[in-house]
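Please read the structure below before turning to the comments.
In our numbering, the protein residues as written are 4 to 248.
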């Protein structure tokens, strides 16, 4: 693994202890994501699904509950450990494993559904990743991708970090901001979508990888509030796009 991905892995290993599942944000958030994933993924019985960048396993749990045979992949071993622990508590059988989203250790045409949430922005080679995801998706299969333009402008906000740390001394939110800066500041030049990714950019990546029937999900219809703790009326919203092979 190269140095950039090693640093990414290290940050998310640390972040795993404070990364919340949807229901911990609100029951409404969990319901909105559950409905979205199950609707877009369609039938799950006797079908195989891959959750890339699974983190603590949230999208994998929705898919397993819908009847899919699910594999969850993440670069962070501690995220995977967290996901495995939660799956056991929920009595869900999911194959969680560590791996590289840009170099998948799966045969061509392995999965009926692929999902990924908040991963594209942190990939060194998002175009390569989407081509890999296309490769392992079965003909007629579906990909579901969610991300957003997060305004990760660390280099512009460096001066705010000491102030925020004093204001919120020992608060987890301040510690996350500092740790994020320490890990990601040196990688900005290696991550083309570091500040975030827009819906049309992901749609273009999907098209370039070979996907067709590219569509976007009606966020406003299903998400009454923003699950990422910012005001959708004044900040760019997250998005969900989906396409077929």
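From the three backbone atoms N, C-alpha and C, an ideal C-beta is built for every residue, glycine too. Computed from a predicted structure; not experimentally measured.
Residues bridged to residue i (per DSSP)
i: residue 140; result: 114
i: residue 225; result: Its beta-bridge partners do not exist; DSSP assigns none.
i: residue 3; result: Residue 3 is absent from the model: the chain starts at 4 and stops at 248.
i: residue 119; result: 55, 148
Nearest to residue i (by Cα), restricted to the options the options
i: residue 246; options: 100, 66, 44; result: 44
i: residue 231; options: 153, 133, 136, 123; result: 153
i: residue 112; options: 128, 91, 209, 137; result: 137
i: residue 257; options: 240, 241, 226; result: In the structure displayed, the chain extends from 4 to 248; residue 257 sits before or after that span and is not available.
i: residue 3; options: 221, 6, 89; result: No answer is possible for residue 3: it lies beyond the span of the chain, which begins at 4 and ends at 248.
i: residue 18; options: 95, 127, 59, 35; result: 59
i: residue 8; options: 144, 46, 104; result: 104
i: residue 141; options: 51, 30, 224; result: 51
i: residue 143; options: 46, 248, 127; result: 248
i: residue 214; options: 27, 77, 39, 145; result: 145
Terminal residues of the beta strand (DSSP E) in which residue i lies
i: residue 100; result: 97-101
i: residue 76; result: 72-77
i: residue 104; result: Neither: residue 104 is in no beta strand (DSSP E) and is coded neither H nor E.
i: residue 126; result: Note, residue 126: premise wrong, no beta strand (DSSP E); not H, not E.
i: residue 215; result: 215-219
i: residue 86; result: Here residue 86 belongs to no beta strand (DSSP E); instead the alpha helix (DSSP H) covers 80-93.
i: residue 51; result: 51-55
Neighbourhood of residue i by C-beta, 7 Å cutoff - its chain only, sequence neighbours within 5 removed
i: residue 134; result: 212
i: residue 217; result: 206, 209, 210, 244, 246
i: residue 123; result: 129, 148, 150, 196, 200, 205
i: residue 93; result: 64
i: residue 41; result: 65, 69
i: residue 202; result: 219, 242, 244
i: residue 173; result: The predicted position of residue 173 is uncertain, since its pLDDT is 45 and thus under 50; a value taken from the coordinates is nonetheless stated next. Result list for residue 173: empty, nothing under 7 Å.
i: residue 101; result: 77, 78, 80, 83
Alpha helix (DSSP H) segment containing residue i, residue limits
i: residue 205; result: 202-212
i: residue 64; result: 61-68
i: residue 230; result: First-last for residue 230: undefined, no H or E at that position.
i: residue 14; result: 6-18
i: residue 44; result: 30-44
Proximal residues to residue i (C-beta, below 6 Å), its chain only, five neighbours per side dropped
i: residue 63; result: 54, 57, 73, 75, 97
i: residue 147; result: 43, 118, 245
i: residue 47; result: 69, 70, 71
Residues near residue i by beta carbon distance below 8 Å, same chain, minus five either side
i: residue 139; result: 53, 107, 109, 110, 111, 112, 113, 114, 117
i: residue 12; result: 4, 78, 79, 80
### Touching by the beta-carbon criterion (3+ pairs, under 8 Å), the region 105-115 and the region 81-96
no
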